[in-house]
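First the structure, in the form of structure tokens, and then the observations on it.
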Amino acid sequence: MNRMALLGVGLLVVGVSIAFALLITFPGMMSGGCTDIGVPEGEGQGIGIIGVEDGDLLYTPEGVNECNTPLPVVLTPIGLITLGTGLVLSSKVTEN
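Just so we're aligned, residue 1 is where the sequence shown starts under the working numbering, counting upward by one.
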């Protein structure tokens with residue numbers, strides 16, 4: 001296994017680990033916060049993304065409370081997974 005493929009696998013592992021950690025801590029996510037309105041169960045309207053404001057991703061986990069998380073926290077695992085996949089695939093193509 002060459003160095004590029006090894007680096008790609010490392011980036012994939014780190015990216016997937018961060019994404020998994022974000023999913024485990026949903027809806028609060030690792031950094032960010034949510035409002036707590038205290039609406040009774042069943043009153044929500046479902047999960048939804050509200051938009052981006054001041055570098056934060058705004059979303060609602062149940063349709064009532066509004067949560068935010070910094071955009072780099074969301075985009076970092078996507079970038080790492082994409083870069084790692086590209087490195088692994090490019091090393092496979094150059095081998096053949």
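Every residue, glycine too, gets a C-beta built ideally from N, C-alpha and C.
For residue i: DSSP bridge partner residues
i: Asn68; result: Gly33 and Leu58
i: Val52; result: Leu57
Given residue i as reference, the closest of the options once Cα atoms are compared
i: Val64; options: Ala19, Thr35 and Leu23; result: Thr35
i: Ile37; options: Asp56, Ile18, Val73 and Pro61; result: Pro61
i: Glu66; options: Asp56, Pro72 and Val74; result: Asp56
i: Ala19; options: Thr94, Lys92 and Val74; result: Val74
i: Pro70; options: Val93, Gln45, Gly33 and Thr94; result: Gly33
Distance between beta carbons of residue j and residue i, contact taken as under 8 angstroms
i: Leu11; j: Leu83; result: 5 angstroms
i: Ser91; j: Gly15; result: Ser91 to Gly15, Cβ: 17 angstroms. No contact.
Inter-stretch contact at 8 angstroms, needing at least 3 Cβ pairs: the segment 72-89 / the segment 4-12: yes
Contact between the segment 45-54 and the segment 76-85: three or more CB pairs below 8 angstroms? no
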